[in-house]
Structure formats: structure tokens, C-alpha cells
């Protein structure tokens, strides 16, 4: 009988010893956003300089205004130490110095409606984005800016308000408008040149065109004391101006046996700074115009 024999040979191959190697590379730290404040000598401009100086990831790189020209913006803002940044009245010169650094730059515009288009155009020419907080900008200016920014692939954020509280009030008012048939806006100001205020107009515009007609029982009244009707949806605005009053906006909704009140008070310009810093951080990623800070909340 034949015997089947099997043999197994185990071959061990020694692999050469390889020493592990480690490599470390130091990534360059991201540079700060260079911020130019146009309208730096105004109350809101001074607050913006202080806020940007304290904020992480950004720094004041230029200050433009027709007042306090030549003075250090840090001293104008009553800061402990000067920023060694003089106020200049030539935006082009400031933008030219920033663009040479090849770093991310943003121009914050606190000027006048008539100057906004040219200011954004200049900023774009030097490769800087723009944040615009200028009340009473006309609709055709916004349209022209939007077309320009789209063509240039350059970001611009136009903010009717920088107050996050005001934006939250507007959002709450829009939600409430679907449930109530009557609404009136009451605002108070210590000082005012144009009434109704841009905030009240913005709220009224947001409530319009939602398929609702408000205050149906009181649409055709001609009594001036009943306030001003904005738009064709029956939204009324009452404006009260008295020295010493805080800037306040209240929206009253009512239905059968029910009154819903939303109120927002502004006691200091500082309330606009969180919204401004948010706008600066968001605009650097844009390549077109965005209208309204609420797009980022």
C-alpha cells in the first residue's frame, strides 16, 4: 500500500528594519482682516474702530473722514494708546496702501447715500469687499450695486440695520403676521430727521406682500392722528420724537380678545457692533451683493 507523504517547508523572510520618520511643517498663521472705516469720526465710526480693534481676526487698517483729518483715530476714540493711524479724507489713498499688502480687506461705509456707489466701486477696484450701513439708500442704487458686484465677482453686504435685536423683531413680526388681522408700528426717537425711520419702513416692507390686508375696518380713514399708512397692505406707523427717549420700536398685533406686542429698544450705538463684526466676517466670502444681515442669522 502506497503511503502519501507531504512535507511543509516554512520559509521566514526577514524584512529590512525601517525606521519611522516624522516630518513637521509649520503652517503660517492666517492674517487679520484689514478693515477700513469710512466715516470714522462719526459716533458709530468711533464705536466701530474700538470694536474692530478688540475683535479677534481683524484690525483697523485705515480711517477716512472729512473731520479730524490728520488726528490719530485711536486718540479721537479716546483709546488708552494711539493706533498710529491718522484720519485721512482721501479714500483712494488709503485703499492703495491696503491693496499693496495683498491681504484680505474690507471697507465699512458709514457715509452718505449719494457716495455709496462710488465708494464700493473704488473698494472693488483695489480688491476690497464692502459692508454698507447707510440709511435711505435708493432702490435703484442697490440694483446698480448688485449688477456691478455680480460683474466684478466682488462681495458687498448692504445692511439696512446692524442691530441683531431689530432683525429678530422683524422676523418675529413676519411670523405673527400670518395669525393676526390688525397691526400697527409705534416708534420713538430722541432725534430724527426722516420719519418714519428706516427700521419702521423695513418692518412695514417685510409685512407687505404676504397675502394679508391689515386693519380692514380702518383702511380709508383720513385722520392724520391715525399715523401714516405704508404700502397698500394697511400697515400704519406712528412716530414720536422727544429728547431723552430711547430709540424704540414696538409692533402691536391684535385679534379677537388677543393683543400681541413685540418691542425692541436701542440705548447705545454699541448694540450695532456684534452685527458689524458678523457682517465683516461674512462679506469676505461673498462674490456678489447681499442685502440684509438677516441672511446670516
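Numbering (my numbering), first residue to last: 60 to 356. Even glycine gets a Cβ: it sits at the ideal position worked out from N, Cα and C.
1) Counting C-beta neighbours from all protein chains within 10 Å, is the total for residue 282 16 or more, i.e. buried, or is it exposed?
2) Does any residue of chain D bring its CB to less than 7 Å from the CB of residue 305?
3) With H, G and I counted as helix, E and B as strand and the rest as coil, what does DSSP make of residue 302?
4) Leaving aside the five residues before and after residue 322 along the sequence, list all residues of the same chain whose C-beta is less than 6 Å from its C-beta, in chain order.
5) Is residue 287 helix, strand or coil by DSSP?
6) At what residue ranges does the stretch 118-200 contain a whole run of the alpha helix (DSSP H), taking only runs of 4 or more?
7) Please state if the CB of residue 247 and the CB of residue 299 are separated by a distance shorter than 7 Å.
8) Which residues bound the beta strand (DSSP E) around residue 95?
9) With DSSP run on the structure shown, which of helix, strand or coil describes residue 240?
10) Given a threshold of 16 other Cβ atoms within 10 Å of its Cβ, counted over all protein chains shown, does residue 237 qualify as buried or as exposed?
11) If you draw a straight line from the C-alpha of residue 227 to the C-alpha of residue 131, how long is it?
12) In the DSSP assignment, what are the bridge partners of residue 312?
13) Identify, in the order they occur along the chain, each residue of the same chain with its Cβ nearer than 8 Å to the Cβ of residue 253, setting aside the five sequence neighbours on each side.
14) How many whole angstroms separate the CB atoms of residue 94 and residue 117, which I take to be in contact at a CB cut-off of 8 Å?
15) CB residue 122 to CB residue 332, shorter than 7 Å?
16) Note down, in chain order, each residue of its chain lying with its Cβ closer than 6 Å to the Cβ of residue 205, except the 5 sequence neighbours on either side.
17) Determine the contact status of residue 104 and residue 169, defining contact as a CB-CB distance below 7 Å.
18) Measuring CB atoms only, is the stretch 261-278 touching the stretch 290-304, in the sense that at least three cross pairs come out at less than 8 Å?
19) With distances taken Cα to Cα, identify the nearest neighbour of residue 173 among 241, 156, 197.
20) For residue 295, count neighbouring Cβ atoms within 10 angstroms of its own Cβ and tell me buried if that reaches 16, exposed if not.
Here's the rundown:
1) Looking at its Cβ environment, which holds fewer than 16 other Cβ atoms inside 10 Å, residue 282 is exposed.
2) Of the protein chains in this structure there is only one, and it is not chain D.
3) Of the three classes helix, strand and coil, the one that applies to residue 302 here is coil, per DSSP.
4) The beta carbon of residue 322 lies closer than 6 Å to those of 309 in the same chain, with the five residues before and after it left out.
5) Assignment of residue 287 by DSSP, reduced to helix, strand and coil, places it in the strand class.
6) Within the stretch 118-200, the complete alpha helix (DSSP H) runs of at least 4 residues are 132-135, 150-158, 172-184.
7) Cβ distance < 7 Å, so residue 299 and residue 247 count as in contact.
8) Run containing residue 95: 92-97, per the beta strand (DSSP E) assignment.
9) DSSP places residue 240 in coil when its eight states are reduced to three.
10) By the 10 Å Cβ count, residue 237 comes out exposed.
11) Their backbone Cα atoms lie some 36 Å apart in a straight line.
12) DSSP links residue 312 through a beta bridge to 242, 319.
13) Sequence-distant Cβ neighbours of residue 253 in its own chain, meaning closer than 8 Å and more than five residues away, are 194, 195.
14) Right, the Cβ-Cβ distance comes to about 5 Å (below 8 Å), so this counts as a contact.
15) The criterion of a C-beta distance shorter than 7 Å is not satisfied by residue 122 and residue 332.
16) Hits under 6 Å: 348.
17) Their beta carbons are under 7 Å apart, which means residue 104 touches residue 169 by this criterion.
18) By the Cβ test, the stretch 261-278 is in contact with the stretch 290-304, since at least three Cβ pairs between them sit closer than 8 Å.
19) In this structure, 197 is the residue among 241, 156, 197 with its C-alpha nearest to the C-alpha of residue 173.
20) Classification of residue 295: buried, given that the 10 Å Cβ count is 16 or more.
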